[in-house]
Amino acid sequence: MFCSVLSVYQVIKVSVEEGKRSVVLPFKVTRRLLSEDITVEWRLSDLEDRLLYIYHRGHQGPTQDQVYGGHIEMTEDPLTTGDFSLAISDLRLTDSVYTCTVYDEHGEILHQKVVVLIVRGLQMEMVEVTKGEPSVSLPFKISGPVDEDIRVEWTHPDSKQTEVMTFENGEIQLSKQNKVYRRRTEMDKDLLTSGDLSLTLKNPGVDDNGLYKCTVYSGEEVQQWKTVTLSVRGQ
1 MFCSVLSVYQ VIKVSVEEGK RSVVLPFKVT RRLLSEDITV EWRLSDLEDR LLYIYHRGHQ
61 GPTQDQVYGG HIEMTEDPLT TGDFSLAISD LRLTDSVYTC TVYDEHGEIL HQKVVVLIVR
121 GLQMEMVEVT KGEPSVSLPF KISGPVDEDI RVEWTHPDSK QTEVMTFENG EIQLSKQNKV
181 YRRRTEMDKD LLTSGDLSLT LKNPGVDDNG LYKCTVYSGE EVQQWKTVTL SVRGQ
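With the UniProt record's numbering applied, the sequence shown corresponds to residues 1 to 235, in that order.
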């Protein structure tokens with residue numbers, strides 16, 4: 001007999017530390033639900049209710065989602081193990097509610113779980129400064145010493161001039177900096193030892209308002225990141 005949705009609906013919370021870029025969303029089903037005819041869908045419960053990953057009659061894979069494509073995977077042979085957990089390797093903190101649903105061959109819901117992602121230690125930090133001040137600091141500190149091969153990128157996603165400052169190969173890369181920020185930005189020259197990745201912005205103005213993001217890479221893998229919102233008030 002088909003179970004009602006209410007009896008198989010679950011909500012769980014999964015915690016992840018701030019700065020982490022990968023997480024596993026757990027979902028295991030009982031053997032009585034395992035059948036070659038089932039379909040399993042992982043969706044992101046945003047305004048568009050986006051389909052991220054699908055398993056159908058032995059075939060599985062991510063959808064053509066522009067953001068998550070290539071960054072999500074499921075365990076091999078989930079029909080044998082009953083493990084339909086989803087691993088995300090490029091986590092977006094703005095996405096926090098995911099739904100996994102198991103359907104039978106007629107499209108009826110057999111099991112459904114909602115996973116709410118909780119970010120521990122996330123600081124929605126805002127820095128305020130008055131126009132006319134000589135400089136402002138956008139703070140970001142990590143545990144030092146830091147590996148010599150890291151790349152640190154400060155960007156301003158809210159602006160057309162996104163490339164604020166890049167530290168790579170042990171030094172600031174001026175060639176990767178937008179001319180708007182040249183001679184206006186500084187970082188700790190000894191950041192590999194101190195772990196202080198804070199950005200100093202000189203002569204802040206209203207055009208500098210908005211979200212700033214600092215990302216720490218090891219090779220092409222993101223290790224940590226932080227966002228800071230800058231508010232420049234009038235005099």
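Think of the CB as a built atom: it goes at the ideal place given N, C-alpha and C, for glycine as much as any other residue.
Environment of residue i [buried if 16+ CB atoms lie within 10 Å]
i: ILE12; result: exposed
i: GLU153; result: buried
i: PRO157; result: exposed
i: ASP190; result: exposed
i: ILE150; result: buried
i: SER7; result: Any answer about SER7 is weak, because its pLDDT of 42 lies below 50 and its placement is not dependable; what the coordinates show is given next. By the neighbour-count rule (16 or more Cβ atoms within 10 Å), SER7 is not buried but exposed.
i: GLN10; result: exposed
Nearest candidate by alpha-carbon position, reference residue i, set the options
i: GLU41; options: VAL114, GLU168 and VAL152; result: VAL114
i: PHE27; options: ARG183, HIS56, LEU197 and PRO78; result: PRO78
i: SER159; options: GLY144, THR193, VAL180 and PRO145; result: VAL180
i: PHE167; options: MET187, GLN161, ARG182 and ASN178; result: MET187
i: LEU197; options: GLY170, GLY61 and GLY205; result: GLY170
i: GLY195; options: GLU128, VAL129, PHE140 and ASN203; result: PHE140
i: SER231; options: GLU108, GLY205 and TYR68; result: GLY205
i: LEU211; options: LEU44, THR162, LYS202 and ASP104; result: THR162
Where the alpha helix (DSSP H) through residue i begins and ends
i: PRO62; result: It is not in any alpha helix (DSSP H) - PRO62 instead sits in the beta strand (DSSP E) that spans 59-62.
i: THR193; result: 191-194
Supposed contact pair residue j and residue i - C-beta distance, whole angstroms, cut 8 angstroms
i: SER135; j: THR200; result: 5 angstroms
i: VAL102; j: LEU110; result: 5 angstroms
i: LEU51; j: THR63; result: 5 angstroms
i: SER89; j: THR75; result: Between THR75 and SER89 the Cβ distance is about 14 angstroms, and since that is not below 8 angstroms, they are no contact.
i: ILE142; j: GLN224; result: 6 angstroms
i: ARG21; j: VAL216; result: Actually they do not touch by this definition, with Cβ atoms about 10 angstroms apart.
i: VAL23; j: VAL29; result: 20 angstroms between Cβ atoms; not a contact.
Residue(s) in a DSSP beta bridge with residue i
i: ASP83; result: LYS28
i: GLN10; result: LYS113
i: GLN224; result: VAL216
i: HIS56; result: THR39 and HIS59
i: PHE167; result: VAL152 and ILE172
i: MET187; result: Its beta-bridge partners do not exist; DSSP assigns none.
i: GLU125; result: VAL228
Limits of the beta strand (DSSP E) - the one that residue i falls within
i: LYS202; result: 199-202
i: VAL136; result: 135-138
i: ILE72; result: 72-74
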